[in-house]
Amino acid sequence: MRRLRIVILLLLIAGCQGLTAKQRLTAYPADSAANTGIAVIVCPGGSYCWHDMEYEGRQVAEWLNLHGINAFVLKYRVAGIDAYCLGYRVFGLGNKYPNMLIDVEEALRYVYQHADSMHIDTTRIGVMGFSAGGHLTMMAYTHNRTPYKPHFLCPVYPVVTMSDNRYVHHRSRRGALGVWRHLNQAMRDSLSIEKHIPDDCPPVFLVNCQDDPVVRYQNSELLDSALTAKHIPHTYIQYQTGGHGFGASDTKGTAESQQWKNQFIQWISNLNL
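Just so we're aligned: the sequence shown equals residues 1127 to 1399 in the working numbering.
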């Protein structure tokens, strides 16, 4: 009887999460006088279990605004700490792939459909993401099933592989796939970005640090190699220091890794879209 009560409680928690953990897109429009027409959907990281809405969300959007770039911070659906720790997704409930992919697809649809009213150039819409959000950034093109596609991608210290156990970020894999599917090799392969770069992939700006203690730096090297093999225009910058999770912060990371923001602005300014 006690075990039955626990099961019922977990099912109730899962049901409540399903009602509340929906996507949320927060718009940060650029000042009209400085508006470049560029728009970026920002996907904060958090192992597909939570979101860093500060350093990898709000601060990123405000930094982009300073450069005349419209930003949209996406709080996409994730497993949640409670689901990850309690394991109730074993019953097939809760958030997991493809929920987060659907959310970024819907975010792209929204930006495209509101481009005129927000003075956004529909040929200059991109996605930027951090850690697991970097994985979602790439999926916004590689796995996108809609006509609304990004024209550039910026994964920062991204999770890339879900199948190479030497480098995989286990928490993100389980967060994305759930309790049982993260053990399925076919599912792992299906979400390993390095295996799914299309010939028409848009330009990519890729950044990571060799001393990253969370997501192994080889993830970005796998992505760089896959992009190179497909002759996709891209810039890959690997810093020696900076760690993980610095986002757009002026205090986290190192002086070396903080350079990525200026280098991205220079890259996007020179990008021929």
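Each residue gets a CB set at the ideal place from its N, CA and C atoms; glycine is no exception.
Bounding residues of the alpha helix (DSSP H) (the contiguous stretch that carries residue 1226): Numbered from its first residue, the sequence shown carries residue 1226 at position 100. 1225-1239 is the extent of the alpha helix (DSSP H) around residue 1226.
Beta-ladder partner(s) of residue 1199, from DSSP: Counted from its first residue, the sequence shown places residue 1199 at position 73. DSSP output for residue 1199 lists 1152, 1168 as bridge partner(s).
Segment limits, beta strand (DSSP E) that includes residue 1293: Position 167 of the sequence shown, counting from 1, holds the residue named residue 1293. Per DSSP, residue 1293 lies in no beta strand (DSSP E) segment and is marked neither H nor E.
Delimiting residues of the beta strand (DSSP E) encompassing residue 1334: For the purposes of this step, residue 1334 is identified with residue 208 of the sequence shown, where counting begins at 1. It spans 1330-1335 - the beta strand (DSSP E) in which residue 1334 sits, taken as one unbroken run.
Residue(s) in a DSSP beta bridge with residue 1279: The sequence position of residue 1279 within the sequence shown is 153, counting from 1. Paired residue(s): 1253, 1330.
Residue 1282 and residue 1304 closer than 8 Å at C-beta: Locating residue 1282 in the sequence shown gives position 156, counting from the first residue. Locating residue 1304 in the sequence shown gives position 178, counting from the first residue. Going by C-beta atoms, residue 1282 is not nearer than 8 Å to residue 1304.
Rounded separation between residue 1227 and residue 1157 - CA only: By one-based count along the sequence shown, residue 1227 stands at place 101. By one-based count along the sequence shown, residue 1157 stands at place 31. Straight-line measurement puts the Cα of residue 1157 at about 30 Å from the Cα of residue 1227.
Alpha carbon of residue 1230 to alpha carbon of residue 1183, nearest angstrom: Residue 1230 sits at position 104 when you count from the first residue of the sequence shown. Residue 1183 sits at position 57 when you count from the first residue of the sequence shown. Going by the C-alpha atoms only, they are around 15 Å apart.
Rounded separation between residue 1396 and residue 1191 - CA only: As a position in the sequence shown, residue 1396 is number 270, starting the count at 1. As a position in the sequence shown, residue 1191 is number 65, starting the count at 1. If you draw a straight line from the Cα of residue 1396 to the Cα of residue 1191, it comes to about 18 Å.
Residue 1354 burial status per 10 Å Cβ neighbour count (16 or more: buried): On the sequence shown, position 228 is the one that residue 1354 refers to. Residue 1354 should be labelled exposed.
Cut-off 6 Å between Cβ atoms - residues of its own chain near residue 1139, not counting five sequence neighbours on either side: Here residue 1139 refers to the residue found at position 13 when the sequence shown is read from its first residue. Note that residue 1139 has pLDDT 36, beneath the 50 cutoff, so the model's placement of it is unreliable and the number below is only indicative. Correct list: empty, nothing qualifies.
Beta-carbon separation (whole angstroms), residue 1382 vs residue 1367, contact threshold 8 Å: The sequence position of residue 1382 within the sequence shown is 256, counting from 1. The sequence position of residue 1367 within the sequence shown is 241, counting from 1. About 5 Å; that satisfies the 8 Å criterion.
Any 3 or more C-beta pairs closer than 8 Å across the stretch 1310-1320 and the stretch 1373-1387: No, because fewer than three Cβ pairs between the stretch 1310-1320 and the stretch 1373-1387 fall closer than 8 Å, the two stretches do not touch.
Those residues which DSSP pairs with residue 1363 across a bridge: On the sequence shown, position 237 is the one that residue 1363 refers to. In the DSSP secondary-structure assignment, residue 1363 is bridged to 1333.
Coil, strand or helix - residue 1159 by DSSP: Your numbering for residue 1159 matches position 33 in the sequence shown. In the structure shown, residue 1159 sits in coil (DSSP, three-state: anything other than H, G, I, E or B).
Cβ-based burial, residue 1170 [other Cβ within 10 Å; buried from 16]: Numbered from its first residue, the sequence shown carries residue 1170 at position 44. Counting the other CB atoms within 10 Å of its CB gives residue 1170 a total of 16 or more, which places it among the buried residues.
Three CB pairs or more closer than 8 Å across the stretch 1344-1352 and the stretch 1309-1316: Touching, no, given that fewer than three Cβ pairs across the two stretches are closer than 8 Å.
Proximity of residue 1181 and residue 1369 at Cβ, strictly below 8 Å: Counted from its first residue, the sequence shown places residue 1181 at position 55. Counted from its first residue, the sequence shown places residue 1369 at position 243. The Cβ atoms of residue 1181 and residue 1369 lie no closer than 8 Å to each other.
N-terminal and C-terminal residue of the alpha helix (DSSP H) that residue 1345 is part of: Start at 1 with the first residue of the sequence shown, and residue 1345 comes out as number 219. Counting along the chain, the alpha helix (DSSP H) containing residue 1345 begins and ends at 1344-1355.
C-alpha gap between residue 1175 and residue 1202, whole angstroms: Translated into the one-based positions of the sequence shown, residue 1175 becomes position 49. Translated into the one-based positions of the sequence shown, residue 1202 becomes position 76. For residue 1175 and residue 1202, the distance between alpha carbons rounds to 10 Å.
Buried or exposed by the 16-neighbour rule on C-beta atoms within 10 Å, applied to residue 1243: Along the sequence shown, read from residue 1 onward, the residue named residue 1243 stands at position 117. Per the 10 Å Cβ criterion, exposed.
Distance between residue 1345 and residue 1238 (C-alpha atoms, nearest Å): The residue given as residue 1238 occupies position 112 in the sequence shown. The residue given as residue 1345 occupies position 219 in the sequence shown. Rounded to whole angstroms, the separation of the alpha carbons of residue 1345 and residue 1238 is 31 Å.
Cα-Cα separation between residue 1309 and residue 1179, rounded to whole angstroms: Numbered from 1 along the sequence shown, position 183 holds the residue referred to as residue 1309. Numbered from 1 along the sequence shown, position 53 holds the residue referred to as residue 1179. In a straight line, the C-alpha of residue 1309 is about 29 Å away from that of residue 1179.
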